[in-house]
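Read the structure below first, then the notes.
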Ligand SMILES: Cc1ncc(COP(=O)(O)O)c(C=O)c1O
């Protein structure tokens, strides 16, 4: 695919206009320039399905079935980095020369707040029902609490129903369910699912979806390469073109669903209510299930920006085909607690998921703790969220300040835990091999990042950098990684970079 012109938005807090970050291009302009390439889009979307192999694949085991071998041999693009990271994790005192992880989307800024709240006496509670088998969709008390929580924080016009909430411990994974005439399924992270056959997804996107689909299913993702700066409108236009060309068919499979993350991962983009309605209308017109992943909804750290959940819409265009995911991992900085939720009015789907619930149920005691936490509005609204926002904002501004000083363009967005940085100008040639060698170079310099191809980005040279970590880690990551790597890539003088202020 011919990519749209390189463009990175700037903002008030951003680099001055003489830096590359100032080349703002409006969504509409980019959308227009992208449209004529839609034929190539389809070719591209098939090519990018194959995740490049980065490490030696283990030879097949005689003890495993074909399916077992295929799962064991599956290697994600970033796996080699995480294997090395696992063996050599940075630690302030025990391993100060270890690898800094700026690749995993985790919020490490609020442990003190969480520790204080999670060790309060109300968290320590045991009763028989918590130790026994329960409703696999989650205990009623927690589903009610989640429904109230979402009603409040998503500004739902009417109280959301606890019966539409399904809770699972099984995040980042999917399964299959056969409902009516479709092979449904696909339950990702915060508990979703959907449609076997094929799913439309704009790229770049949270790459674990690709891995999970491969491990759990034969569902295919139909990529719609949107580059990094276009809006939702392009998704709609491009999808229409694709439908005209393919008649809903992709590699012989019927496209049944479309996934959108809001706020987006990795772009950290937030879509407006108008854009979301347009998206939902588009899905309805084409009888597509709309899977909306709002797992970052409370990470918006700029007070002037409001996030609008799909659950705040008065009347959803196609409620039976609209499914919203949320979870504790990002908004509550608790990726280790493993709770995901799915909100859907579709009873068939809820019932089908419940059949799988026994594999993915959440422990009773964890459900109790999460319910206690979610009902503590005082703590959430007056302590945790304001402080979390404040810390995210400071960390974001620190990292983006450093990128700015180094002349590295990036998308300046007001949410999430990461920045999508544009290192294209440092690549000797515009290829994914070169991007991978830059990623490896970062790794050699003890920083693990995520490169664009892990998100199926159609243009080489973009990297996602996590900023939700202590400043001294970001600082270490910076001096070790950017300076030496970019120097290795012969674009910066190390003297210049080392002299950047590390406030
Ligand atoms: C968009 C998106 N959805 C879901 C998840 C998975 O979250 P969990 O840790 O709850 O599985 C992630 C994690 O990075 C994500 O970025």
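In this note's numbering, the protein residues as written are 57 to 559.
For each residue, glycine too, the CB sits at the ideal point set by N, CA and C.
Small disclaimer: the values here were computed from a predicted structure and weren't measured.
Counting only runs of 3+ residues, no beta strand (DSSP E) is found wholly inside the stretch 418 to 450.
A straight line joining the alpha-carbon of residue 135 with that of residue 460 spans about 29 Å. Taking a cut-off of 8 Å on C-beta distances, the stretch 373 to 380 does not touch the stretch 408 to 415, as fewer than three cross pairs fall below it. A contact between stretches requires three or more CB pairs, one per stretch, nearer than 8 Å, and the stretch 487 to 501 fails this requirement with the stretch 115 to 130. Within the stretch 506 to 536, the runs of beta strand (DSSP E) that reach at least 3 residues and sit entirely inside it are, in chain order, 518 to 522. The DSSP assignment places complete beta strand (DSSP E) segments of no fewer than 3 residues inside the stretch 376 to 401 at 378 to 383, 396 to 400, in order along the chain.
Within 6 Å of the C-beta of residue 391 there is at least one heavy atom belonging to ligand 1.
Looking at the DSSP output, residue 477 bridges to 466, 519. Taking residue 424 as the centre and dropping the five residues before and after it, the same chain places the C-beta of 181, 186 closer than 7 Å to its C-beta, in chain order.
The shortest CA-to-CA distance from residue 465 to any of 510, 472, 518 is the one to 518.
Counting other Cβ atoms within 10 Å of its Cβ, residue 470 reaches 16 or more and is therefore classed as buried.
Residue environment analysis places residue 320 among the buried positions, since at least 16 neighbouring C-beta atoms fall within 10 angstroms of its C-beta. For the 7 Å CB-CB criterion, residue 324 and residue 336 do not form a contact. Listed as beta-bridge partners of residue 317 by DSSP are 349. With a 10 Å radius around the Cβ and a threshold of 16 neighbouring Cβ atoms, residue 486 comes out exposed.
One Cα belongs to residue 144, the other to residue 478, and the distance between them is close to 27 Å. Spatial neighbours of residue 114 in its own chain (CB-CB distance under 8 Å, excluding positions within 5 residues in sequence) are listed in chain order as 128, 129. In this structure, the alpha-carbon of residue 266 lies about 7 Å from that of residue 277. Around the C-beta of residue 194, 16 or more other C-beta atoms lie within 10 Å, and the residue is accordingly described as buried. Counting C-beta pairs with one atom in each stretch, the stretch 362 to 373 and the stretch 384 to 398 have fewer than three that are closer than 8 Å, which means they do not touch.
Annotation for residue 351 indicates a beta carbon within 6 Å of some heavy atom of ligand 1. When only Cα atoms are considered, residue 264 and residue 523 end up about 19 Å apart.
Here the distance from the Cβ of residue 163 to the nearest heavy atom of ligand 1 is not below 6 Å. Proximity of the beta carbon of residue 272 to ligand 1 is not indicated: no heavy atom of the ligand is located closer than 6 Å. Rounded to whole angstroms, the separation of the alpha carbons of residue 530 and residue 147 is 13 Å. Remark: the C-beta of residue 262 is in contact range of ligand 1, defined as less than 6 Å to any heavy atom. Nearest to residue 521 by alpha-carbon distance, out of 322, 192, 438, 334, is 322. Between residue 275 and residue 397, the C-beta spacing is not below 7 Å. Exclusion of residue 360 from the 6 Å shell around ligand 1 follows from its C-beta lying no nearer than that to any non-hydrogen atom of the ligand. Within the chosen limit of 6 Å, ligand 1 does not reach the beta carbon of residue 508 with any heavy atom.
Within the same chain, and ignoring the five residues on either side of residue 328 in sequence, the residues whose Cβ sits closer than 8 Å to its Cβ are 364. Considering only 150, 392, 154, the residue with the shortest C-alpha distance to residue 504 is 154. From the listed residues 462, 452, 326, the smallest Cα separation to residue 527 is found for 452.
In this chain, the alpha helix (DSSP H) harbouring residue 126 covers 122 to 129. The beta carbon of residue 137 sits closer than 6 Å to those of 499, 504, all from its chain and outside the five residues before and after it, given in chain order. Where residue 259 is concerned, the enclosing beta strand (DSSP E) starts and stops at 254 to 259.
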